[in-house]
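In what follows, a structure is listed as structure tokens, so that the remarks can point back to it.
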Amino acid sequence: ACAPSPEEVPSVPEGAREPRRVTYGSDPSQFAELGLPAGTPRGVAVVVHGGFWRAEYGIEYAQPLVPSLLAAGWATWAVEYRRVGNGGGVPETLDDLVAAMGRLAEEGIEGPLVAVGHSAGGHLATWLASRRDLPQPLTHVVSQAGVLDLVTAHDAGLGGGAVEAFLGRPPRDGDTGVDPVQQVPLEVPVWCVHGTGDDIVPLSQSESYVAAATAAGATAELVEVEGDHFAVVDPGSDAWARTLEVLDSI
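Read left to right, the sequence shown gives residues 964 to 1213 (my numbering).
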């Protein structure tokens, strides 16, 4: 995996404001970038990057998605957070997501509050939807190739032991505080957008989550798209266009 180069990142659309950095804590990784579209926002897209919760993968993986979200009328809140290797893991990473959402609530932006998370960010976005005690709880989730079943992900060795490194121990049945598939049913709808050619986080991660969620009475939908693990976060891809269609339906 490699981050996009600056020339590959689309420019902010005319009339929108360049994202500005907002801190929500004292650690260098405790910040988010707030972007505002031209006109009144239709809501907020909370963009959560992936990278198997590891420090070497940062917000640069979320930034390329921001311009098209702004063009579609969404305010954007791209979240950076502490990760494994720079003070993160459980509970610090989870605490950071909660704190970032608390800081976003202070901005007073109205409308739907949708978390859009890729890979490990899909885990964090879906986990965040379980937190109904936030000042502004999420209203929708779009998980892009999300790691949504931690036990199965660990057993399959995804990310070379990333799940165990994140948790500080192997996952287990009963991890209802951290494992999305064990948190169903959520009160908000979840779309799982996943590339059929993904060999980093297999499609089965989304399939099993949607099956468990719908069996528990939740609203969840599997959206299969062509492409690999990174197609879903390529702003020029059909996979990302499909995600924008999901957001348009909200």
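Idealized CB from N, CA, C, for every residue including glycine. Nothing here was measured: the structure is a model prediction, and the numbers come from that model.
Would you kindly work out how many angstroms separate the C-alpha atoms of residue i and residue j, rounded to a whole number?
i       : j       : result
Gly1123 : Leu1076 : 33 angstroms
Ser1093 : Ala1175 : 15 angstroms
Trp1016 : Val1153 : 21 angstroms
Ala979  : Leu1032 : 11 angstroms
Val1164 : Pro976  : 32 angstroms
Tyr1024 : Gly1074 : 25 angstroms
Val1209 : Arg1135 : 32 angstroms
Pro969  : Pro1100 : Caution is warranted here: a pLDDT of 44 is assigned to Pro969, below 50, making its placement in the model unreliable, and the coordinate value is therefore given only provisionally. About 33 angstroms.
Arg1045 : Glu981  : 24 angstroms
Thr1003 : Gly1071 : 12 angstroms
Asp1191 : Pro1198 : 14 angstroms
Val1188 : Trp1090 : 23 angstroms
Gly1052 : Ser1171 : 24 angstroms
Cys1158 : Ser1200 : Reading off the sequence, residue 1158 comes out as Gly, not Cys. Taking the straight line from one Cα to the other gives about 11 angstroms.
I'd like the span of the beta strand (DSSP E) that includes residue i, first residue to last.
i       : result
Leu1076 : Leu1076 to His1081
Val1007 : Val1007 to Val1011
Pick helix, strand or coil for residue i, following the three-state DSSP scheme.
i       : result
Thr1206 : helix
Ser1212 : coil
Gln1099 : coil
Ser1167 : helix
Arg1066 : helix
Ala1025 : coil
Ala1018 : coil
Ala1179 : coil
Val1196 : helix
Val1126 : helix
Val1153 : strand
Val1061 : helix
Glu970  : For Glu970, the predicted structure reports a pLDDT of 47, less than 50, and the residue's modelled location is therefore unreliable. A value from the coordinates is still provided. It is helical.
Ala964  : Its pLDDT being 47, under 50, Ala964 is placed unreliably in this model, and the value from its coordinates should be taken loosely. In the structure shown, Ala964 sits in coil (DSSP, three-state: anything other than H, G, I, E or B).
Gly1084 : helix
Trp1037 : coil
Going by C-alpha distance, which of the options is nearest residue i?
i       : options                               : result
Arg1132 : Ala1183, Pro973, Leu1113 and Glu977   : Leu1113
Pro1143 : Ala1088, Pro1098 and Leu997           : Ala1088
His1012 : Ala1175, Leu1060 and Glu1073          : Leu1060
Ala1062 : Ser1093, Pro1098, Gly1036 and Ala1176 : Pro1098
Leu997  : Ala1038, Pro1004, His1081 and Leu1028 : Ala1038
Phe994  : Thr1115, Val985 and Ser1082           : Val985
Leu1057 : Thr1206, Val1141 and Gln1026          : Val1141
Val1186 : Ala1034, Ser1106 and Ser992           : Ser1106
Gly1036 : Gly1048, Arg983 and Leu999            : Leu999
Pro1054 : Thr1182, Pro1148, Leu1149 and Asp1138 : Asp1138
Ser1169 : Ala1108, Val1151 and Ala1001          : Ala1108
In terms of DSSP beta bridges, what is residue i paired with?
i       : result
Val1144 : DSSP output for Val1144 lists no bridge partner at all.
Val1173 : According to DSSP, Val1173 bridges with nothing at all.
Arg1217 : With the chain running from 964 to 1213 in the structure shown, residue 1217 is simply not present.
Ala995  : Val985 and Val1042
Gly1158 : Val1188
Arg1132 : Note: Arg1132 sits in no beta bridge, so no partner.
Arg980  : Leu999
Val1105 : Val1079 and Trp1154
Can you confirm whether residue i, when its beta carbon is compared against all beta carbons of chain D, has any partner nearer than 8 angstroms?
i       : result
Gly1052 : Included in the structure is just one protein chain, with no chain D present.
What are the boundary residues of the alpha helix (DSSP H) that residue i is part of?
i       : result
Ala1031 : Sequence check: residue 1031 is Ser here, not Ala. Val1029 to Ala1034 is the span of the alpha helix (DSSP H), which, as asked, contains Ser1031.
Gln1113 : Gln is not the amino acid found at residue 1113; the sequence shown has Leu there. Leu1113 to Asp1118 is the span of the alpha helix (DSSP H), which, as asked, contains Leu1113.
Relative to the ligand FMN, is the shortest distance from any of its heavy atoms to the C-beta of residue i smaller than 7 angstroms?
i       : result
Ala1202 : You won't find the ligand FMN in this model; it holds no ligand whatsoever.
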